[in-house]
Amino acid sequence: MDPPLDSLPARLARLAAALPLGDTLLVVGSGGHVKFPEISEQTYPFFSHAEYFYLTARECVDGIVAYDPRDGEWLSFVPAITEVERIWAGSTQLPGLPLAEFSAWLAARPDRPVANLGVLRPDIPVDTALNARIREHFHHARRPKDAAELATLRAAAASSAAGYAKIPALLRPGITERALQVELEAESFRGGGTRTGSGPIVGTGPNSAVLHFAPSHRALQTGDFVLIDAGAEINRYTADVTRTYVVGQPTQFQRDLYQTVLAAEKRAITRCVPGAEWTDLHLACAVDLVTGLVAMGVMRGNPESLVEQEAHTLFFPHGLGHMVGLGVRDGSGLFPGRTKNPRPSLRTLRMDLPLAPGYLVTIEPGLYFIPPLLQDPARRATYRDAINWPLVDQHLHLGGVRIEDNILVTTGAPENLTAAIPKTL
-13 MDPPLDSLPA RLARLAAALP LGDTLLVVGS GGHVKFPEIS EQTYPFFSHA EYFYLTAREC
47 VDGIVAYDPR DGEWLSFVPA ITEVERIWAG STQLPGLPLA EFSAWLAARP DRPVANLGVL
107 RPDIPVDTAL NARIREHFHH ARRPKDAAEL ATLRAAAASS AAGYAKIPAL LRPGITERAL
167 QVELEAESFR GGGTRTGSGP IVGTGPNSAV LHFAPSHRAL QTGDFVLIDA GAEINRYTAD
227 VTRTYVVGQP TQFQRDLYQT VLAAEKRAIT RCVPGAEWTD LHLACAVDLV TGLVAMGVMR
287 GNPESLVEQE AHTLFFPHGL GHMVGLGVRD GSGLFPGRTK NPRPSLRTLR MDLPLAPGYL
347 VTIEPGLYFI PPLLQDPARR ATYRDAINWP LVDQHLHLGG VRIEDNILVT TGAPENLTAA
407 IPKTL
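Set out below in structure tokens:
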């Protein structure tokens, strides 16, 4: 699938109108190669900075995009390809102005402020406050996905679905977390994916309660939760999906925990409408999760009151989700002008903003039995009466459940781009 080059003129026009540049020049660097330690001729795989890629839809080592609001012209400066690069890497010359001409372009505009985004240019003085202000608006303008971006994201979701379709038949005692990762990635790549948007999370048994667990050679055992969080990427645009399974027949407690998370996820998805505040969605989902835990006998009290006391963070210690697109947290953050919420359970949320049409967000509630949280004496004292501690101790090494989908905010009902991936035990 080719990058969405035909959408770039309209994208650049929208961005120019959205940025409060005034007389400020904008310079966006792609970044350069990073060498492996002690292997001077080899480098890590190169990916242009997301801000550069958004403007160009291409990978270009040491590239620069420059914009002068006085003439309204976006210029691309690219390095000349060397003979060594042609021979060893098969590189071809990209279109654009010679990189050597950038210095003259900048020198012809003296005494103008410069916002330097992407990978910072060492030849441009850093104005941290200016860069932060322009980047805030740059990110905000990137949040609504255009038609070309959505087409790529739908393809990434389909590739992810191909990978997840392989998993249920593999869930048996003896297979390892690493083997599940390999099979999921292979099938996703056969389905069109070029890589995964981040390192796949595959946690089984107690490892499923480690939020970002890197797959190991642990072998599955009967009764294990199996939590997989991964998504295929195509042309830098990625899906981000989580599904949780059980090896063999789930216990009633596992089934109830899973159904609590699934019901909360479904309700949260329906709330993804224009104007909805992300913080409100997160707190409403926390109440839904706690309501389920109270019904299971794990927690005691009024769900709303328990959330106000932050008791939910013992079992739901992360946010409801984040934006996804050009990377797994594309465009996440604060609405322009906002600062971090001082409330402990909210200040670490990936974003704080009202939803709008075109936003693609993850909805990923989870409930986990995490020993470092649940065995902490201070937390046990604080929530002495809110938690059924003997029941918690019975399930301390159970692991956890997370369910995650990619939800497109529209002018009507929200659309689940990853709905084709089943959510059943």
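Counting from 1, position 21 in the sequence shown corresponds to residue 7 in my numbering; the numbering is continuous, with no gaps.
Built from N, CA and C at the ideal position, the CB exists for glycine as well.
In chain order, what residues of the same chain have a beta carbon less than 8 Å from the beta carbon of residue i, not counting five sequence neighbours either side?
i, result
"H268", "G305, L306, L332, L335"
"A254", "L267, A270, C271, D274, L306, I349, P351"
"H123", "A4, L5, P6, P322"
"L(-6)", "L41, T42, A43"
"V395", "C258, V259, P260, L341, A342, P343, G344, Y345, L346, V347"
Does residue i come out as helix, strand or coil in the three-state DSSP assignment?
i, result
"F124", "helix"
"I255", "helix"
"G352", "strand"
"P84", "strand"
"A(-1)", "helix"
"I153", "coil"
"T246", "helix"
"E45", "coil"
"A372", "coil"
"R119", "helix"
Starting from residue i, trace the beta strand (DSSP E) both ways and give me its first and last residue.
i, result
"L213", "211 to 216"
"R366", "Here R366 belongs to no beta strand (DSSP E); instead the alpha helix (DSSP H) covers 363 to 368."
"G189", "187 to 190"
"L394", "391 to 394"
For residue i, which residues from the same chain have a beta carbon less than 6 Å from its beta carbon, with the 5 sequence-adjacent residues on both sides left out?
i, result
"V418", "This structure cannot speak to residue 418, because the chain is shown only from -13 to 411."
"Y244", "V387, L411"
"S318", "H308, M309, R336, M337"
"Y30", "V20"
From the DSSP output, which residues share a beta bridge with residue i?
i, result
"K21", "T29"
"A52", "V13, L61"
"V168", "For V168, which the question treats as bridged, DSSP gives no partner whatsoever."
"G386", "Y354"
"G311", "G313"
"T228", "D215, E390"
"P330", "According to DSSP, which records beta bridges pairwise, P330 is partnered with nothing at all."
"E401", "L394"
Under the assumption that residue i contacts residue j (Cβ atoms under 8 Å), give the Cβ distance between them as a whole number of angstroms.
i, j, result
"P186", "E171", "7 Å"
"D215", "T228", "4 Å"
"V188", "P400", "The Cβ separation is near 28 Å, so there is no contact."
How far does the alpha helix (DSSP H) with residue i in it reach, from first residue to last?
i, result
"A101", "It is not in any alpha helix (DSSP H) - A101 instead sits in the beta strand (DSSP E) that spans 100 to 104."
"G317", "Where G317 is concerned, there is no enclosing alpha helix (DSSP H), given that its DSSP letter is neither H nor E."
"L41", "36 to 42"
"G278", "264 to 282"
"R72", "69 to 75"
"D379", "375 to 380"
"S291", "289 to 294"
I'd like the list of long-range same chain contacts for residue i, defined as Cβ closer than 7 Å, with 5 residues on each side in sequence excluded.
i, result
"A148", "E173, S174, R176, G177"
"R366", "W375"
"N117", "A101, N102, L103"
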